[in-house]
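Here is the structure we will look at.
There are 2 protein chains.
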Amino acid sequence: MMANDRSRVLITGITGRIGSHLTSELLARDVAVRGLVIPNDPLRSEVDPSVEVVEGSLDDAVALDVAVANVSHIVHLAAVILYQPHQDELIWRVNVEGTRNLMRAIQQRPPSPLRLLFASSDQVYPGPFPQYTPTDEEHPLEPTTAYGISKLIGEELTRHTARVVPNCRFTIVRFCHNQTWQEILDPHGFFAERQFYVKGRLAWLLDSGRTDSVTTESIRRLRAVDADDNPLLLSLTDTGEPLVLEMMDTRDIAAGLVPALFRPEAEDNVYNFAPDSTVSFTEVVPYMGRALDKRWVEVKLPGAPARSNLSGAKAMRDLGVRARYSVFNMIDEASRTGHHR
Amino acid sequence: MMANDRSRVLITGITGRIGSHLTSELLARDVAVRGLVIPNDPLRSEVDPSVEVVEGSLDDAVALDVAVANVSHIVHLAAVILYQPHQDELIWRVNVEGTRNLMRAIQQRPPSPLRLLFASSDQVYPGPFPQYTPTDEEHPLEPTTAYGISKLIGEELTRHTARVVPNCRFTIVRFCHNQTWQEILDPHGFFAERQFYVKGRLAWLLDSGRTDSVTTESIRRLRAVDADDNPLLLSLTDTGEPLVLEMMDTRDIAAGLVPALFRPEAEDNVYNFAPDSTVSFTEVVPYMGRALDKRWVEVKLPGAPARSNLSGAKAMRDLGVRARYSVFNMIDEASRTGHHR
């Protein structure tokens with residue numbers, strides 16, 4: 001199934017970090033786009049006027065029926081990415097029940113050919129603690145977070161739908177850690193807040209409600225370096241190891257979703273999306289400091305060292321997916337345009 | 342973790358087809374048993390008085406917290422086994438959300454060693470249409486029914502709980518088709534009604550709400566042989582193939598759960614439970630007819646031939662699980678005691 005004049009793509013989460021870029025990619029190819037937008041979404045006004053908007057959330061069965069009607073492709077991006085213990089309920093409701101509601105709408109619509117792409121995550125492996133690296137698509141699926149298990153269940157619901165719906169093909173894409181350049185330096189940005197700023201990490205640990213020794217000792221050590229200028233944070237393990245991971249620009253994720261959605265090789269297939277190299281925070285944080293003219297503090301925090309290295313080789317080989325933007329490009333872009341206040 | 346003086350086993354679904362027999366097996370070994378019993382369960386009065394009963398259903402968080410407190414073993418049997426399209430909601434609510442609620446209670450209780458056994462099903466493979474037979478535990482998990490996907494999600498929730506809860510070990514047991522001798526000849530019995538009686542199959546097809554050609558043609562052919570004496574049904578495919586499957590007595594399932602629950606080999610392991618041979622309905626239905634002194638009709642029905650042959654070899658080898666009762670034993674027992682009215 002290739003993109004053609006009759007292609008009509010539904011994107012859930014169309015106003016989101018990836019959906020907005022995917023919309024641009026599809027519109028640039030003259031593909032008709034429909035988007036599911038939650039009521040009162042503040043980003044709705046930024047949706048391109050040529051997009052057909054269906055207003056509703058993933059628990060609105062009527063909206064879902066309307067959204068899935070007469071589309072040839074569905075990209076299910078809508079999800080919450082959360083890691084605090086008290087957010088488990090919301091994760092379940094949106095990522096599991098929401099996905100199930102969407103799948104039910106797909107199963108109940110009049111049959112017509114469908115390509116169904118589910119946005120999953122390296123957290124199904126699980127992300128930072130894989131059995132081996134580079135972690136390819138054959139790695140056992142053993143999530144350790146509520147978010148990770150929600151994505152694994154979403155994958156199973158997607159596969160199941162493709163089995164029971166005639167002429168339905170699935171594609172599952174597992175994203176590595178990804179960022180928008182607008183958020184990467186933002187002291188209140190997704191990920192940046194808790195990863196790159198002392199105050200953000202402190203607030204995040206306090207909000208977790210966790211009282212284990214790793215958490216309380218981390219809070220103690222961070223308080224010792226906390227200061228009014230909210231320094232950048234370079235956290236190391238007790239043995240001095242920095243965080244090393246992949247960071248992929250959401251624009252590259254969105255560009256990769258186009259062949260994943262239309263190329264026949266991707267039918268009933270699973271792909272990791274990841275750049276071909278990892279970055280160490282010992283490089284990233286000082287680079288940020290220089291870009292922002294801001295000091296950073298090195299803090300040893302207890303806990304197991306994360307060792308993330310997702311292999312994107314299969315998607316590169318089959319679909320030509322690659323990372324055009326490095327984390328350093330993103331930092332340059334953010335500091336140049338003032339996205340760090 | 343072996344059964345010892347401090348073993349205390351929670352059984353969900355304790356009044357059910359398997360739970361009631363498992364209770365007897367455990368009490369006979371002097372193991373303390375706690376049972377979760379839904380409010381107004383008509384079978385509650387049949388629970389042995391030495392069982393500690395916790396009243397509540399799988400959507401009652403308070404009851405679940407009470408139920409999981411201070412137990413060393415949990416056997417999660419409570420589930421609905423349903424196959425009609427209009428029952429998908431109930432399957433999701435009980436089997437998926439109910440299991441998730443139980444797992445949440447387990448994750449939130451004060452940590453102490455736990456063995457967690459989840460009752461799954463051959464429907465995860467899927468049951469009647471496997472890629473190969475005998476179907477062992479390595480077969481891809483590709484359910485095609487709402488019930489099957491609910492059990493697969495239950496397995497994943499179980500594994501996840503064992504990963505995130507300290508000192509928690511899981512065992513997953515996938516049951517083949519199983520029967521109680523009391524229900525096997527019952528014209529309104531689970532499975533027997535639609536499998537062995539013309540009127541039962543007709544009612545089941547009509548209740549399905551399905552309007553596809555296989556269903557409507559099946560209804561037409563069954564109506565042609567329907568009669569006031571409600572004859573037994575021997576259904577064949579259009580090419581004359583009978584249904585061939587495993588049938589295991591729930592007493593044998595329950596007996597097998599004891600080593601699955603206590604033997605160290607079964608920790609973090611998965612087992613099929615199945616007898617070492619299948620039976621053909623060309624043998625079963627005439628045997629029933631003779632036992633009941635009742636006529637049977639042979640009806641060719643459209644649809645793909647089911648080809649079920651679950652391998653129970655691993656459970657036999659590791660745990661000594663075996664079938665003591667054949668389907669013919671069950672029929673004898675039912676007809677002798679009048680369980681067919």
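Here the protein sequences line up with chains A and B, keeping their order. Numbering follows the working numbering, with no gaps: position 312 of the first sequence is 312. Numbering follows the working numbering, with no gaps: position 196 of the second sequence is 537. Positions of the beta carbon are idealized from the N, C-alpha and C atoms, including for glycine.
Segment limits, beta strand (DSSP E) that includes residue i
| i | result |
| --- | --- |
| A/Val299 | Trp296 to Lys300 |
| A/Ile74 | His73 to His76 |
| B/Leu651 | From DSSP, B/Leu651 is part of no beta strand (DSSP E); its letter is neither H nor E. |
| A/Val9 | Arg8 to Thr12 |
| B/Ile513 | Cys509 to Phe516 |
| B/Arg375 | Ala373 to Val378 |
| B/Ser462 | Leu455 to Ser462 |
| B/Ser667 | Neither: B/Ser667 is in no beta strand (DSSP E) and is coded neither H nor E. |
| B/Leu574 | Leu573 to Leu577 |
Under 8 Å from the C-beta of residue i: neighbouring residues of chain B
| i | result |
| --- | --- |
| A/Thr135 | Ordered by position in chain B, no residue passes the 8 Å Cβ test against A/Thr135, which lies about 17 Å from the chain. |
Chain-order list of residues whose beta-carbon lies under 8 Å from that of residue i (same chain, five-residue window excluded)
| i | result |
| --- | --- |
| A/Glu241 | Pro305 |
| A/Asn167 | Pro111, Ser112, Pro113 and Leu114 |
| A/Val51 | Ile14, Thr23, Leu27, Val33, Arg34 and Gly35 |
| A/His139 | Tyr125, Pro130, Gln131 and Tyr132 |
| A/Leu319 | Gly256, Pro259, Ala260, Arg263, Glu265, Ala266 and Tyr271 |
| B/Lys635 | Asp570, Pro572, Leu573 and Met629 |
| A/Ala162 | Leu116, Cys168, Arg169, Phe170 and Asp268 |
| A/Val165 | Ile106, Gln107, Pro111 and Leu114 |
| B/Asp406 | Ala446, Gln449 and Arg450 |
N-terminal and C-terminal residue of the alpha helix (DSSP H) that residue i is part of
| i | result |
| --- | --- |
| B/Ile494 | Ala487 to Val505 |
| A/Ser208 | Val198 to Ser208 |
| A/Gly98 | Gly98 to Gln108 |
| A/Leu58 | Per DSSP, A/Leu58 belongs to no alpha helix (DSSP H) and is neither H nor E. |
| A/Tyr361 | Residue 361 of chain A is absent from the structure shown; chain A starts at 1 and stops at 341. |
| A/Leu257 | Thr250 to Phe262 |
| B/Leu633 | Phe622 to Leu633 |
| B/His431 | Note on identity: in this sequence residue 431 of chain B is Leu, with His being the wrong assignment. Its alpha helix (DSSP H) spans residues Asp429 to Ile432. |
| A/Ala224 | Ser213 to Val225 |
Close-in-space but distant-in-sequence residues of the same chain around residue i (CB under 6 Å, 5 per side omitted)
| i | result |
| --- | --- |
| B/Ile560 | Leu546 |
| A/Leu10 | Arg34, Ala67, Val71 and Ile74 |
| A/Pro302 | Val214, Glu217 and Asp238 |
| B/Arg677 | none |
| A/Asp332 | none |
| B/Met342 | In this prediction, B/Met342 has a pLDDT of 49, which is less than 50 and means its spatial position is unreliable; what the coordinates show is noted afterwards. Cβ within range, chain order: Arg456. |
| A/Tyr43 | Checking the displayed sequence, the identity of residue 43 of chain A turns out to be Leu instead of Tyr. So the qualifying residues of the chain are Thr15. |
| B/Glu387 | none |
| B/Ser621 | Pro583 and Val585 |
Residues of its chain near residue i, where Cβ-Cβ distance is below 7 Å and the 5 sequence neighbours each way are ignored
| i | result |
| --- | --- |
| A/Asp41 | Thr15 |
| A/Ser7 | Val31, Ala32, Ser72 and His73 |
| B/Lys540 | Asp567 and Asn571 |
| B/Gly679 | none |
| A/Ala69 | Arg109 |
| B/Glu639 | Leu575 and Leu577 |
| A/Ala254 | Ile18, His21, Leu22 and Glu25 |
| A/Phe328 | Tyr287 |
| A/Ile149 | Pro143 |
Anticipated Cβ contact below 8 Å, residue i with residue j, distance rounded
| i | j | result |
| --- | --- | --- |
| A/Asp122 | A/Arg174 | 5 Å |
| A/Leu234 | A/Thr282 | 7 Å |
| B/Met589 | B/Cys517 | 5 Å |
| A/Leu310 | A/Thr135 | 5 Å |
| A/Leu185 | A/Ala334 | 4 Å |
| B/Gln520 | B/Phe537 | About 11 Å; that fails the 8 Å criterion. |
Interface residues of chain A facing residue i [CB-CB closer than 7 Å]
| i | result |
| --- | --- |
| B/Ile494 | Ile153 and Glu156 |
| B/Val685 | The displayed coordinates of chain B run from 342 to 682. Any statement about residue 685 of chain B would go beyond what the structure contains. |
7 Å Cβ cut-off: residues of chain B touching residue i
| i | result |
| --- | --- |
| A/His160 | Pro484 and Ile490 |
Amino acids of chain A, ordered along the chain, whose beta-carbon sits closer than 8 Å to that of residue i
| i | result |
| --- | --- |
| B/Trp433 | Arg100 |
Near the ligand FMN: residue i beta-carbon under 7 Å from a heavy atom
| i | result |
| --- | --- |
| B/Lys641 | This structure lacks the ligand FMN; in fact it carries no ligand of any kind. |
Would you check if the region 308–320 of chain A and the region 260–274 of chain A touch, i.e. whether three or more CB-CB distances between them fall below 8 Å?
yes
The region 149–160 of chain A in contact with the region 78–97 of chain A per 3-pair CB rule at 8 Å
yes
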